[in-house]
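First to last, the sequence lines map onto chains A and B.
Counting from 1, one number per residue, gives the positions in the first sequence under this note's numbering.
Counting from 100, one number per residue, gives the positions in the second sequence under this note's numbering.
Number of protein chains: 2
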Amino acid sequence: MYIREFQDMMRRIYFQRDSKRGIAGTFNWLVEEVEELGTALKDNGKKALEDEFADVLAWLASLANVANIDLDKAATSKYDGKCPKCRKTPCKCPFSKQE
Amino acid sequence: MYIREFQDMMRRIYFQRDSKRGIAGTFNWLVEEVEELGTALKDNGKKALEDEFADVLAWLASLANVANIDLDKAATSKYDGKCPKCRKTPCKCPFSKQE
């Protein structure tokens, strides 16, 4: 499915609720879903893990709807086939301290 | 762009680094990007906000690559045009305490 199509589907199903909840509340839900994904990565089976990935993407799309951001355009403008920093594929950026 | 195409692009650009970093380290980066998105939602302009949405999607796709999850399949299996809980469009689930 296209990223845009998925975001539009989230709008049809959830925009009424998302817009009432607003940006801050919807962001808080996204954070909660990311925490659940973190738990599922440690100890759940594949189906549960797939569900958590789906939920994070769904809440990210919901948040984009409330913030009036086109997720497809945003993603493909920044990531156009090469690393946006070093302009290489594969990425050749120096490793950061966190890695 | 298709969700799958975006995930494949992330694999071409970043899989070497992502696989070395592993699941836990890549998850930590996702969390960091979500925090940056939270900041951008409060006080940055539209371009900065688009970049942060792009980064969260990029790290989610990277994490899916490391965890061997097909993000497109996961998302469209759970969200098939109706709310997965109440099976309505728009969603008619009762509001939770957090909303």
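Backbone N, C-alpha and C fix where the C-beta goes; we use that ideal spot for every residue, glycine too.
Nearest-angstrom beta carbon gap, residue j and residue i [assumed within contact, 8 Å]
i: A/L49; j: B/I168; result: 6 Å
Among the options, nearest to residue i - alpha-carbon criterion
i: A/C91; options: B/F114, B/E132, B/A173, B/G121; result: B/F114
i: B/P183; options: A/A54, A/G25, A/L60, A/I23; result: A/A54
i: B/S195; options: A/M9, A/R87, A/Y2, A/R17; result: A/R17
i: B/M100; options: A/M10, A/L71, A/M9, A/E36; result: A/L71
i: B/K172; options: A/K88, A/A61, A/K47; result: A/K47
i: A/S19; options: A/S77, A/V34, A/A61, A/E35; result: A/A61
i: A/M10; options: B/T188, B/S176, B/V133; result: B/T188
Contact set between residue i and chain B, taken where Cβ atoms lie within less than 7 Å
i: A/T76; result: M100
i: A/A64; result: F152
Boundaries of the alpha helix (DSSP H) in which residue i is found, first to last residue
i: B/A166; result: Premise fails: B/A166 is in no alpha helix (DSSP H) and is neither H nor E.
i: B/D107; result: 102-142
Beta-carbon gap between residue i and residue j smaller than 9 Å
i: A/W59; j: A/L30; result: yes
i: B/V165; j: B/R120; result: yes
i: A/L57; j: B/A174; result: yes
i: A/F27; j: B/Y178; result: no
i: B/G180; j: A/R12; result: yes
i: B/N143; j: B/E131; result: no
Chain A contact residues for residue i, given Cβ-Cβ distances below 9 Å
i: B/P189; result: R12, I13, Y14, F15, Q16, R17
Chain-ordered chain B contacts of residue i [CB-CB under 8 Å]
i: A/K82; result: I112
i: A/G38; result: F126, V130
Chain-ordered chain A contacts of residue i [CB-CB under 7 Å]
i: B/A216; result: Outside the shown range of chain B (100 to 198) lies residue 216 of chain B, about which nothing can therefore be said.
Contacts that residue i makes with chain A (C-beta to C-beta distance below 8 Å)
i: B/D171; result: M1
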